[in-house]
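**Student:**
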Amino acid sequence: TRDERRETSRGRGWVTRMVVQRYRRSAMWQKAKQLTVEVYRVTSGWPPEERYGLTSQVRRAAASVMANIAEGHGRVGSRELRHHLSIANGSVCETESFLLLGVDLRLTHEDDLVPALALSDEIGRMLISAINRIDSRGP
Numbered sequence: 194t195r196d197e198r199r200e201t202s203r204g205r206g207w208v209t210r211m212v213v214q215r216y217r218r219s220a221m222w223q224k225a226k227q228l229t230v231e232v233y234r235v236t237s238g239w240p241p242e243e244r245y246g247l248t249s250q251v252r253r254a255a256a257s258v259m260a261n262i263a264e265g266h267g268r269v270g271s272r273e274l275r276h277h278l279s280i281a282n283g284s285v286c287e288t289e290s291f292l293l294l295g296v297d298l299r300l301t302h303e304d305d306l307v308p309a310l311a312l313s314d315e316i317g318r319m320l321i322s323a324i325n326r327i328d329s330r331g332p
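If you want this note's numbering, it's the position in the sequence shown, counting the first as 1, plus 193.
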């Protein structure tokens, strides 16, 4: 019918816009974005000699959380979504580890990490919950 042709003529661009809107509205992605901003804030005061070391690693790990959530939503199929959510969860753990190492190296004080660690904990719980929901649906 005419409506079906109109829908088909929209092509993949229409589907892509729907996916983009879906992940941007995701509380998980929004929290991951907040975590990335918070990590950049915390590490902005770290010494310049760490710019290409720990500072770079923790920033990339935090950005990887939100990037993998977005990429998972952009893929087709729940198996791929689950895979990227699992990678995002690993990046949450990596981010926390690097931040805590920053405390041990006296780059920051643990009190400065409270917002970032609270966000990472919340995101981790959200990711595990989403992964469990996907797993409960079965193959």
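For every residue, glycine included, the Cβ atom is placed at its ideal position computed from N, Cα and C.
Pull up the distance between the alpha-carbon of Gly-204 and that of Val-232, whole angstroms please.
**Tutor:** Confidence at Gly-204 is low in this model, with a pLDDT of 48, below 50, so the placement of that residue is unreliable and no value is reported for it.
**Student:** Mark Val-208 as exposed unless 16 or more other C-beta atoms lie within 10 angstroms of its C-beta, in which case mark it buried.
**Tutor:** Note that Val-208 scores 47 on pLDDT, short of 50, meaning its location in the model is unreliable; the coordinates nonetheless yield the value given after this. Exposed, because fewer than 16 other Cβ atoms sit within 10 Å of the Cβ of Val-208.
**Student:** For the alpha helix (DSSP H) that contains Tyr-245, what are its first and last residues?
**Tutor:** Here Tyr-245 belongs to no alpha helix (DSSP H), and DSSP marks it neither H nor E.
**Student:** Check Trp-222 in the structure and name its three-state DSSP category.
**Tutor:** Correct three-state label for Trp-222: helix.
**Student:** What did DSSP end up calling Leu-294 once you bin it into helix, strand or coil?
**Tutor:** It is helical.
**Student:** Could you work out which residue in Leu-247, Thr-301 and His-276 is closest to Val-258 when comparing CA atoms only?
**Tutor:** For Val-258, the nearest C-alpha among the options comes from His-276.
**Student:** By a C-beta neighbour count over all protein chains shown, 10 Å radius and 16 as the cutoff for buried, is Ser-284 buried or exposed?
**Tutor:** By the neighbour-count rule (16 or more Cβ atoms within 10 Å), Ser-284 is buried.
**Student:** With Gly-295 and Leu-247 assumed to form a contact (beta carbons below 8 Å), what rounded beta-carbon distance in angstroms separates them?
**Tutor:** That pair is a contact at about 6 Å.
**Student:** By the 10 Å Cβ neighbour count, where 16 or more other Cβ atoms means buried, how is Ala-311 classified, buried or exposed?
**Tutor:** So Ala-311 counts as exposed.
**Student:** Expressed to the nearest angstrom, what Euclidean distance is found between the alpha-carbon atoms of Ala-309 and Ser-271?
**Tutor:** Roughly 29 Å separates the two Cα atoms.
**Student:** Would you kindly check if the distance between the Cβ of Thr-288 and the Cβ of Phe-239 is under 9 Å?
**Tutor:** The residue you asked about is not Phe; residue 239 is Trp in the sequence shown. No, Cβ-Cβ distance for Trp-239 and Thr-288 is not below 9 Å.
**Student:** Rounded C-beta distance between Ile-280 and Met-221? I'm assuming under 8 Å.
**Tutor:** Not quite, the Cβ-Cβ distance comes to about 13 Å (not below 8 Å), so this is no contact.
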